[in-house]
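Chains as they are written, first to last, in the numbering used here: chain A, 28 to 144; chain B, -14 to 99.
Every residue, glycine too, gets a C-beta built ideally from N, C-alpha and C.
Nothing here was measured: the structure is a model prediction, and the numbers come from that model.
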Amino acid sequence: AQSVTQLDSHVSVSEGTPVLLRCNYSSSYSPSLFWYVQHPNKGLQLLLKYTSAATLVKGINGFEAEFKKSETSFHLTKPSAHMSDAAEYFCVVTTGAGGTSYGKLTFGQGTILTVHP
Amino acid sequence: EPEVTQTPSHQVTQMGQEVILRCVPISNHLYFYWYRQILGQKVEFLVSFYNNEISEKSEIFDDQFSVERPDGSNFTLKIRSTKLEDSAMYFCASSGTGWFPEAFFGQGTRLTVV
């Protein structure tokens, strides 16, 4: 079984300040973890993914996430927020290939990021 | 850049009616999925589809739902006898192969049952 908990439903930052979106996961097997972003009226776009290689993962638009197995966390960060970062962010887990669960994603409840000028 | 497209973007239907949500996955992908998000709730897995058959489905995906790949390019979700609680955003996704395949999502179809 796998699950994801996003610790904040809303995060509000000022433009130019750091962003931290928190995510904890639970998985019976070695997981792969993703962050997706959804802008209003748009589809879900992949920001970055962790697949058991480097624990610090760099994604698009300056976002990063660090996989910490001891803390079962995969927090998303960005050094300096931009107005265009305002969106909803989803932390997602999958246990990957094998069996009938191939590719099945389990989503967190989402974090809405607001960026103030 | 290849993308997953869904039609329609919005659908309003009367309770008890049948609806078909359509998706065109990325052309060389082999795995297809439907997810849904009820307003204020998590995105939930409905079903995965591979090699012209369902590979996994959730407990939500009961006899009211069916999926089909009728012509090698479209991937459809049919909901028979819609209920008010079927109102949600429905997302189609597709992925290739590999150990941890990245899923590409469409922009979603907002279904409103009245």
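Would you mind giving the Cβ-Cβ distance between residue i and residue j, rounded to the nearest angstrom? I have them listed as a contact below 8 Å.
i: LYS63/B; j: SER72/B; result: No, LYS63/B and SER72/B are not in contact; Cβ-Cβ is about 16 Å, not under 8 Å.
i: LYS76/A; j: VAL84/A; result: 7 Å
i: SER54/A; j: GLN29/A; result: 4 Å
i: HIS102/A; j: LEU48/A; result: 7 Å
i: THR121/A; j: LEU132/A; result: 5 Å
May I have the straight-line CA-CA distance separating residue i from residue j, to the nearest angstrom?
i: TRP62/A; j: GLY91/B; result: 16 Å
i: GLN(-1)/B; j: ALA81/A; result: 50 Å
i: VAL28/B; j: ASN68/A; result: 15 Å
i: THR127/A; j: TYR75/B; result: Confidence is the limiting factor: at THR127/A the pLDDT is only 48, short of 50, which leaves the residue's position unreliable, though a coordinate-based value still follows. So the alpha carbons of these two residues sit roughly 22 Å apart.
i: THR141/A; j: ASP56/B; result: 42 Å
i: THR78/A; j: LYS95/A; result: 13 Å
i: THR104/A; j: ILE39/B; result: 37 Å
i: ASP48/B; j: GLU(-14)/B; result: 36 Å
i: GLU87/B; j: GLY81/B; result: 7 Å
i: VAL40/A; j: VAL99/B; result: 38 Å
i: ASN13/B; j: PRO106/A; result: 36 Å
i: THR(-10)/B; j: GLY135/A; result: 24 Å
i: GLU70/B; j: ILE23/B; result: 8 Å
i: PHE36/B; j: HIS109/A; result: According to the sequence provided, residue 36/B is Asn. The question's Phe does not apply to it. Approximately 43 Å, taken between the alpha carbons.
i: PHE90/A; j: ASP112/A; result: 10 Å
i: GLY93/B; j: GLY43/A; result: 31 Å
i: VAL46/A; j: GLN26/B; result: 23 Å
i: VAL119/A; j: GLU93/A; result: 14 Å
i: THR61/B; j: ALA78/B; result: 11 Å
i: ARG54/B; j: ILE11/B; result: 13 Å
i: GLU41/B; j: TRP19/B; result: 11 Å
i: SER97/A; j: PHE117/A; result: 21 Å
i: PRO(-7)/B; j: LEU15/B; result: 23 Å
With a threshold of 8 Å on Cβ separation, who are the neighbours of residue i within its own chain once the five nearest residues in sequence on each side are excluded?
i: ASN59/B; result: ARG7, CYS8, VAL9
i: SER43/B; result: GLU29, PHE30, LEU31, VAL32
i: ASP35/A; result: LEU48, ARG49, THR138
i: ILE45/B; result: ARG21, GLU29, LEU31
i: GLN(-4)/B; result: VAL4, LEU6, THR94, ARG95, LEU96, THR97
Under the three-state reduction of DSSP, which class applies to residue i: helix, strand or coil?
i: GLU3/B; result: coil
i: LEU15/B; result: coil
i: SER111/A; result: helix
i: GLU87/B; result: coil
i: ILE139/A; result: strand
i: ILE39/B; result: strand
i: THR127/A; result: For THR127/A, the pLDDT reaches just 48, beneath the cut-off of 50, and the residue's location in the model is therefore unreliable, although a value from the coordinates is still provided. Helix.
I need the boundaries of the beta strand (DSSP E) containing residue i, first residue and last residue.
i: THR32/A; result: 29 to 33
i: SER54/A; result: 50 to 54
i: VAL(-11)/B; result: Taken as a continuous stretch (DSSP letters only), VAL(-11)/B belongs to no beta strand (DSSP E), as it is neither H nor E.
i: THR97/B; result: 94 to 98
i: LEU71/A; result: 71 to 77
i: THR99/A; result: Taken as a continuous stretch (DSSP letters only), THR99/A belongs to no beta strand (DSSP E), as it is neither H nor E.
i: GLU130/B; result: In the structure displayed, chain B extends from -14 to 99; residue 130/B sits before or after that span and is not available.
i: GLN65/A; result: 59 to 65
i: LEU62/B; result: 60 to 64
i: LYS68/B; result: No beta strand (DSSP E) holds LYS68/B; DSSP gives it neither H nor E.
i: SER33/B; result: 28 to 35
i: ALA81/A; result: Element bounds for ALA81/A: n/a, residue is neither H nor E.
i: GLU93/A; result: 91 to 95
i: PHE76/B; result: 73 to 80
Could you name the residues of the same chain whose beta carbon sits closer than 6 Å to that of residue i, not counting the 5 residues immediately before and after it, in chain order?
i: SER66/B; result: GLY1
i: ILE139/A; result: HIS37, GLU115
i: ASN51/A; result: THR32, THR99, SER100
i: GLY86/A; result: LEU74, LEU75
i: PHE34/B; result: PHE17, VAL52
So, for residue i: in the same chain, excluding its five sequence neighbours on each side, which residues have a beta-carbon less than 7 Å away from its beta-carbon?
i: LYS68/B; result: MET0, VAL98
Verify the contact flag: residue i, CB atom, against every heavy atom of the ligand HEM, threshold strictly below 7 Å.
i: PRO(-13)/B; result: This structure does not include the ligand HEM; it has no bound ligands of any sort.
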